[in-house]
Amino acid sequence: MAWRMYRPFLNTFDFDVDPNDETIPWAELKDSKLQKIKAQFAVLEMLAELSNS
């Protein structure tokens, strides 16, 4: 099983995005952020399971 490294999701967000910028691909950005957040929760769940064993 290959292990993947993830940065904490707060470090992956760009808080300087202009919500009125029409050049931003919002659907792609949403999917990308959702994937990163889900990956972080998977890591947190794995750590919780390991700490309970």
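In this note's numbering, the protein residues as written are 426 to 478. Ideal placement from N, C-alpha and C gives every residue a C-beta, glycine not left out.
By the three-class DSSP mapping on this structure, what secondary structure does F440 have? Counting from one through the sequence shown, the residue named residue 440 turns up at place 15. In the structure shown, F440 sits in coil (DSSP, three-state: anything other than H, G, I, E or B).
Excluding sequence positions up to five away, which residues of its chain have a Cβ less than 7 Å from the Cβ of V442? By 1-based counting over the sequence shown, the position of residue 442 is 17. Correct list, in chain order: I449.
Considering N477, what are the terminal residues of the alpha helix (DSSP H) in which it resides? Sequence index remark: in the sequence shown, residue 477 carries index 52 (1-based). Where N477 is concerned, the enclosing alpha helix (DSSP H) stretches over W451 to N477.
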